[in-house]
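Mapping of the sequence shown onto the numbering used here: residues 163 to 601, in sequence order. Glycine residues also receive a C-beta, built at the ideal position from the N, C-alpha and C atoms.
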Amino acid sequence: MFSPDYPGPSVFGYETDLPVRCAAMICVHTSPLADLGSKDAGGMNVYVRQLACHLADRGVAIDIFTRRNDPATPETVECCPGVRVISIEAGPAAPVDKNDLYPLLPDFAANVALYSVREGVRYEVVHAHYWLSGWVAHLLRRYWDTPFVQMFHTTAHMKNAVAATADRETGLRLRTERRLIDLADSLIAANPDERADLVWRQRTPTDKVCTVPPGVDLDLFVPGDREASRRELGLHPDRPVALFVGRIDPIKGIDSLLDAVRLLAHDDPEPTVVLIGGDLDADGHPTGALGEVARAADSMGIADRIRFEGSRRQDVLPTYYRAADVVVVPSRYESFGLVAVEAMACGTPVVATRVGGLRFTVEDGEGGLLVPPRDAAALADAVRRVLGDTDLRSRLGAGARETAARFSWPAVAAQISHVYARLAEGHRADLCCDDEIFA
Ligand code: UDP
163 MFSPDYPGPS VFGYETDLPV RCAAMICVHT SPLADLGSKD AGGMNVYVRQ LACHLADRGV
223 AIDIFTRRND PATPETVECC PGVRVISIEA GPAAPVDKND LYPLLPDFAA NVALYSVREG
283 VRYEVVHAHY WLSGWVAHLL RRYWDTPFVQ MFHTTAHMKN AVAATADRET GLRLRTERRL
343 IDLADSLIAA NPDERADLVW RQRTPTDKVC TVPPGVDLDL FVPGDREASR RELGLHPDRP
403 VALFVGRIDP IKGIDSLLDA VRLLAHDDPE PTVVLIGGDL DADGHPTGAL GEVARAADSM
463 GIADRIRFEG SRRQDVLPTY YRAADVVVVP SRYESFGLVA VEAMACGTPV VATRVGGLRF
523 TVEDGEGGLL VPPRDAAALA DAVRRVLGDT DLRSRLGAGA RETAARFSWP AVAAQISHVY
583 ARLAEGHRAD LCCDDEIFA
């Protein structure tokens, strides 16, 4: 049985993992210090920062390399003790669409290598996040003789399976991911489905893939006073509140959310929907992708039912989760779905789609309800059930916190440091495939 203190395997009672002291993480297209909730900053940024800080707590110093997109950012920023975020020059020091980054990757890799020479640092393991960073890890092999572990976060293969034609991922990404499966020394899948996809459909050797889910900050996301939270946010004390938190991206299923809001619009009492994510302009009006959502809501006659909050800092999210009666996660796909687990950690039930990681984190009828993706009627029904039944809501709320408690960062960092140790010793990470965290 998985235990949070799991130190890795032992032989006759002796630890076999030799400690890794220094690892590099590659995170080219987005920085772990970026503001969350915008188009390219969400779960992966949280994951990289939290994992790095918890690995550092275990004695592994981490350097995270990201592309400089602002000339004012210092080269090195300490993100927590033992973790540095290093901005590397490659292309303009300005935002570049992630689909245009591929040609900049050789420069990025060369400049990472130069940095390591200049600073005299050697890394025992490289951990690449997302396919672009995987390619950098591969290019770094020209300079460093260091094993690398790849985490895709999502694969084009799985994303295209649910994407509308206009949102399909490029052939370049598909081909590169295919090559990275062969090139990486180990792969980390965020949920058992992703592992199955890599092994069964993409023919990855089983001993190369581990399933390690992300974690959740169980000290920040804790249950609290609902009434006080509502007062703080200016929400009505008695009206039902449904909350959405996420990037404004088609994969998040916001179209289903709007359709469901329309179906709920004539309920009595009528729920308020709070939507967090995306950008507000200087006057506080939705803009960019969020502006499109607001216009769609307007044309459906439901704009006054939705409170558009824009992106919020993560440390204020617990207040929102506590104030809500239900958190809605209508995604077409989620590699893990941190928002669902954060909400559950605050003791708030979720209504989520039965896709990707959500199938494993949200136990139907325990911490929330699962519905089919792209089914606004089922989504609206499930939200109505939770809002209309106080007993069900408190039962799900209690189950939710219990479920979320399994995803602690120290437990995740213990598994990942075991992967690093195996790789540094010259093995694949075959012993880490402990799926019991999902049991
Ligand atoms: N988040 C945030 N502020 C926002 C929107 C999102 O802090 O305005 C955080 C949220 O707490 C979660 C992450 O961004 O930790 C989103 O992760 P998730 O796995 O739900 O979605 P992803 O972005 O990976 O698709």
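Taking 8 Å as the cut-off, the Cβ atoms of Arg211 and Cys184 do not count as close.
With a cutoff of 8 Å on beta-carbon distance, Val371 and Val361 are scored as near each other. The beta carbon of Arg357 sits closer than 6 Å to the beta carbons of Ala351, Val371, Thr373 from its chain, once the five residues preceding and following it are set aside; these are given in chain order.
Distances from the CB of Glu331 to the heavy atoms of the ligand UDP are all 7 Å or more.
Within its own chain, the residues whose Cβ lies closer than 6 Å to the Cβ of Val239, once the five positions on either side in sequence are excluded, are Val247, listed in chain order.
Pairing Val524 with Val533 gives a Cβ-Cβ distance that is not under 8 Å. When the beta-carbon positions are compared, Leu585 and Val287 come within less than 8 Å of each other. For Leu437, the uninterrupted beta strand (DSSP E) run begins and ends at 434-438, by DSSP. Of the heavy atoms belonging to the ligand UDP, none sits nearer than 7 Å to the Cβ of Ser418. Excluding its 5 nearest sequence neighbours in each direction, Ile438 has C-beta neighbours in its own chain below 6 Å: Val407, Glu471, Arg474, listed in chain order. Between the segment 451-470 and the segment 278-287, the count of Cβ pairs shorter than 8 Å is below three; the stretches do not touch. The closest CA to that of His191, considering only Val222, Leu198, Asn261, is found on Asn261. Sorted by position in the chain, Leu198, Gly199, Gly204, Gly205, Met206, Val208, Val407, Gly408, Arg409, Ile438, Gly439, Ser473, Arg474, Gln476, Leu479, Phe498, Gly499, Leu500, Val501, Glu504 make up the residues whose C-beta lies under 6 Å from a heavy atom of the ligand UDP. Residue pairing by DSSP places Pro236 opposite no residue, since no beta bridge is assigned to it.
DSSP places Ser348 in the strand class (E or B) of the three-state scheme. The Cβ atoms of Thr510 and Val488 lie closer than 8 Å to each other. Looking at the DSSP output, Arg246 bridges to Asp225, Glu240.
DSSP, reduced to helix, strand and coil, places Val190 outside both helices and strands of the structure shown, so it counts as coil.
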